[in-house]
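Protein chains in written order, with my numbering: chain B, 22 to 405; chain F, 2 to 568. For every residue, glycine included, the Cβ atom is placed at its ideal position computed from N, Cα and C. Take a look at the structure below.
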């Protein structure tokens with residue numbers, strides 16, 4: 022099969038890398054940037070350091086601190102109006118996926134008329150925006166290296182994505198020190214999001230040898246270091262590995278794409294307002310078991326990366342079952358709740374099955390699955 | 002209430018009665034599926050007495066919705082051995098609706114020698130008449146004689162000698178609106194042979210003196226919606242190459258990227274594709290008094306049809322389409338548009354499917370019977386088919402029969418039916434459609450080109466095929482897919498249109514459900530007819546030989562094909 026790997030974002034990484042923000046933004050030719058973050062990050066003192074750094078490099082800044090989880094179109098549109106009014110020539114996003122996706126949404130609207138919902142889907146002909154620099158403060162989203170942003174559509178009541186070169190950053194700055202303060206629960210949830218990106222990318226229809234290599238390494242790192250970072254957030258080695266794994270997984274999935282697990286996660290997240298990483302985690306083992314029917318060679322790779330043995334003679338079903346058990350064991354070790362423990366009834370969760378199979382993300386699944394099949398996956402994962 | 006006409010060829014009786022209530026709000030492909038599954042044993046001999054030939058109009062026939070007067074022809078296919086709905090434009094659908102007829106059923110086989118024609122006269126009577134005098138005639142001469150014998154506006158549905166001889170590639174030809182040329186074809190699946198087996202030469206539908214009026218559930222609402230949809234189609238058509246040029250405009254799109262079939266689906270590029278493309282076509286039309294932007298049925302806003310003339314300015318053919326040009330052209334290494342137009346004329350006249358016939362010629366070239374690019378040779382072989390020589394009869398058996406007989410290793414068929422003008426390695430979703438459509442290799446069942454991530458990639462191909470197969474299935478119950486394509490942003494209005502016409506639900510699920518139910522019914526028919534998973538595969542060479550244009554092979558795995566209709 023002929024495949025392609027086309028989305029790539031330049032990266033600088035390492036402890037203290039964020040101190041180069043001002044220099045790098047100036048190198049990009051920016052004179053006045055909008056810095057996008059949430060208020061919580063300011064309280065932690067992270068954004069002030071970066072703002073100072075930008076000012077010292079002679080870059081003027083406009084702050085947008087209105088980032089909220091699952092960024093709604095209305096907030097993105099308001100921020101874009103401000104950015105245009107201020108005449109900014111660059112965007113710096115600091116934070117998790119919500120901050121980075123908000124920045125991308127703003128950039129989409131820099132030279133394309135709102136509303137943003139007009140641009141949901143794959144967009145090949147959007148007008149260019151401004152240079153963007155992404156500084157993640159969690160290790161999960163991978164958004165710093167992807168070509169898409171997920172936006173909540175307030176009028177339709179769902180989440181959708183803009184996939185476009187306009188969403189590709191000019192630079193990602195990976196500074197593990199910015200993730201030191203991440204609490205254990207968030208460390209686990211965001212880390213599992215990265216795992217979901219990796220295992221879904223490796224089993225998706227767009228997978229290619231480069232994305233597979235990145236995904237495999239991400240899975241290996243996460244299996245080893247996420248439990249360490251979860252138990253000891255101050256362990257800088259674990260934080261270094263995790264921010265790297267998250268970026269590897271982001272690079273893998275923006276080229277190879279994710280599928281059923283994320284369709285389930287989006288439906289669970291929209292209906293029950295549970296964090297994205299947790300929503301990805303609850304059915305991930307069953308999702309990978311489902312892919313094994315046709316992608317058993319890839320699922321075997323996942324097992325190997327998770328450090329579990331699979332015999333040479335194992336059937337597709339046996340490989341799938343092994344992967345399911347290994348993934349569940351990793352998820353359990355992070356105290357991530359199952360659907361039942363999240364306080365959702367089986368009936369309510371299964372009611373989402375038609376919405377999940379109608380999600381356009383199912384186009385990326387390795388093979389067609391019925392609504393009944395999705396309901397079965399939810400049932401199996403319910404109190405597993 | 003719509004009526005049905007039942008023609009029993011066993012003793013040549015004709016009966017007109019009210020159509021069953023449960024079939025009233027169906028049409029086209031859905032009506033054919035529901036009728037056949039209940040009335041025709043799937044394991045019957047397609048040319049035997051148990052098979053039935055049915056003609057029906059669409060759900061919105063007779064209404065003012067643009068292109069709603071297409072017609073569907075159905076039966077167990079003599080070519081595929083499975084269910085068949087073959088969809089056709091022309092004037093017949095509109096006039097059947099004016100007679101208040103939604104369905105014509107032709108059953109049984111005559112016990113005596115003879116040939117008949119079914120005649121809907123201007124008074125609204127329908128009768129079976131002797132047509133022995135027309136025996137052996139081909140479509141143009143036949144239609145000419147019919148028009149000479151009747152002084153009224155009328156439409157014809159007919160078979161040429163190919164149908165009478167039971168060629169498995171035989172088509173049923175329908176006359177175009179205004180020109181009366183028998184150039185619209187219910188081409189696929191050999192339904193012309195089924196008509197021939199019934200010894201029914203033609204159906205004549207005169208324009209009735211009293212036009213049937215349908216009792217709408219809410220006429221005002223219907224008109225309001227149809228007006229909106231018609232406007233969308235008219236607006237869309239302005240920039241539609243099918244309107245501005247014709248379906249031949251597809252040559253430019255497929256020729257550049259390896260989708261255009263070349264040298265029996267070799268997967269190569271054809272450097273001279275522009276010679277059989279839009280430029281040559283438009284120049285020839287304008288220099289010779291030919292025309293495009295013609296409507297095959299009254300009230301069409303797309304108007305993709307055309308009239309093509311030869312070098313001396315004489316009428317040669319009409320409805321010259323992309324498939325015919327691609328498959329008799331580059332797929333036979335031929336770049337002479339005039340020669341291709343002549344082949345089209347010969348096929349329409351004899352009454353054979355141009356897709357099947359052209360693939361048959363390419364297989365003859367692959368096997369060394371003809372040289373690549375030998376257009377005179379192709380015309381000679383078409384002449385043999387017309388004359389009914391021994392080899393002509395073999396050619397009439399279709400691409401697969403000929404390929405097997407000549408020992409050809411690369412036979413481009415699925416369910417014994419030849420592949421249309423798109424290489425499935427370079428539009429893989431279309432390959433999925435070819436493989437899995439209950440109709441056999443049929444591009445109109447779901448052409449995905451440009452709709453998945455990359456036409457040569459694996460991602461989303463089965464997904465795109467599934468979505469399109471459902472959409473094309475319900476579109477084929479309602480109207481022409483070319484007009485339908487301009488309505489896509491407002492598809493839920495089609496459910497409201499159904500409710501305004503027939504009552505009942507105006508939920509969009511009524512429309513999508515029609516597509517899903519029809520596909521599943523067709524699958525059930527095929528399964529009972531003995532078709533298996535193995536019939537849902539492309540020929541091996543598409544899996545094994547990379548397309549030299551792109552390096553692409555067909556690599557959609559079997560499981561994806563097996564579960565494509567799991568709803």
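Pick out whichever of 316(B), 299(B) and 190(B) has its Cα sitting closest to the Cα of residue 228(B).
-> 316(B)
From 455(F), 397(F), 319(F) and 543(F), pick the residue whose C-alpha is nearest to that of residue 265(F); which is it?
-> 543(F)
Could you tell me which residues DSSP puts in a beta bridge with residue 56(F)?
-> 74(F) and 105(F)
Can you give me the Cβ contacts of residue 480(F) inside the same chain, cut-off strictly under 8 Å, excluding the 5 residues immediately before and after it?
-> Cβ within range, chain order: 59, 61, 66, 67, 68, 69 and 71.
Within the chosen definition, does the stretch 315-333 of chain F reach the stretch 248-257 of chain F through at least 3 CB pairs nearer than 8 Å?
-> yes
Can you give me the Cβ contacts of residue 363(F) inside the same chain, cut-off strictly under 6 Å, excluding the 5 residues immediately before and after it?
-> Contacts found: 265, 332 and 333.
Using alpha carbons as the reference points, say which of 64(F), 189(F) and 532(F) lies closest to residue 225(F).
-> 64(F)
What residues from chain B crowd round residue 556(F), counting only those whose CB sits closer than 7 Å?
-> Here the neighbours are 22.
With 8 Å set as the bound, which would you pick, yes or no: does the beta-carbon of residue 553(F) sit closer than that to a beta-carbon of chain B?
-> yes
Any residues in the stretch 286-319 of chain B with a beta carbon nearer than 7 Å to a beta carbon of chain F? Which ones, in chain order?
-> 314 and 315
When you compare only the Cα positions, how much space is there between residue 215(F) and residue 2(F)?
-> 7 Å
Can a CB atom of chain B be found closer than 8 Å to the CB of residue 487(F)?
-> no
So, does the CB of residue 459(F) fall closer than 8 Å to a CB anywhere in chain B?
-> So yes, residue 459(F) belongs to the interface.
Taking only beta-carbon positions, decide if residue 122(F) is within less than 8 Å of chain B.
-> No, residue 122(F) does not count as interfacial toward chain B.
Within chain F, the residues that residue 140(B) reaches when beta carbons sit closer than 8 Å | Result: empty, since nearest Cβ-Cβ is about 16 Å, beyond 8 Å.
Is the beta carbon of residue 10(F) less than 8 Å from the beta carbon of residue 166(F)?
-> No, Cβ-Cβ distance for residue 10(F) and residue 166(F) is not below 8 Å.
Which residues in the same chain as residue 520(F) place their Cβ atom closer than 8 Å to its Cβ, once the five residues preceding and following it in sequence are excluded?
-> 439, 470, 471, 474 and 566
For residue 523(F), decide whether its Cβ has a neighbour in chain B, counting only Cβ atoms nearer than 8 Å.
-> For residue 523(F), the answer is no, since every Cβ of chain B falls outside 8 Å of its Cβ.
Kindly give me the distance between the Cβ atoms of residue 28(B) and residue 276(B), rounded to whole angstroms, as I take these residues to be in contact under 8 Å.
-> 6 Å
So what does DSSP say about residue 179(F), is it helix, strand or coil?
-> coil
Rounded straight-line distance, which links the Cα of residue 490(F) to that of residue 116(F) = 48 Å
Using a cut-off of 8 Å between C-beta atoms, extract the partners of residue 565(F) located in chain B.
-> 389
Note down, in chain order, all residues in the stretch 372-402 of chain B with a beta-carbon under 7 Å from any beta-carbon belonging to chain F.
-> 383, 384, 385, 388, 389 and 391
Residue range of the alpha helix (DSSP H) that residue 17(F) falls in?
-> Careful: residue 17(F) lies outside any alpha helix (DSSP H), inside the beta strand (DSSP E) at 14-19.
The alpha helix (DSSP H) spanning residue 289(B) covers which residue range?
-> Its alpha helix (DSSP H) spans residues 281-293.
Counting along the chain, where does the beta strand (DSSP E) carrying residue 1(F) start and finish?
-> Nothing can be reported for residue 1(F): it is not among the residues displayed for chain F, which extend from 2 to 568.
Alpha helix (DSSP H) segment containing residue 316(F), residue limits = Unbroken run through residue 316(F) is the beta strand (DSSP E), 316-319; no alpha helix (DSSP H).
Chain B partners of residue 464(F), CB-CB under 7 Å?
-> 383 and 384
Expressed to the nearest angstrom, what Euclidean distance is found between the alpha-carbon atoms of residue 85(F) and residue 393(B)?
-> 30 Å
Opposing strand residues paired with residue 201(F) [DSSP bridges] | 117(F)
Min CB distance residue 475(F) to chain B below 8 Å | no
Rounded to whole angstroms, how far is the Cβ of residue 476(F) from the Cβ of residue 485(F), which I believe are closer than 8 Å?
-> 4 Å
Taking only beta-carbon atoms, is residue 560(F) less than 8 Å away from chain B?
-> With a threshold of 8 Å between beta carbons, residue 560(F) makes contact with chain B.
Ignore the nearest five residues each way along the sequence and tell me which others in residue 31(B)'s own chain have a CB closer than 6 Å to its CB.
-> 192
Given that a residue counts as buried once 16 or more other Cβ atoms are within 10 Å of its Cβ, and exposed if not, what is residue 410(F)?
-> exposed
Which of the residues in the stretch 445-457 of chain F, read from start to end, lie with their CB under 9 Å from any CB of chain B?
-> 453, 454, 455 and 457
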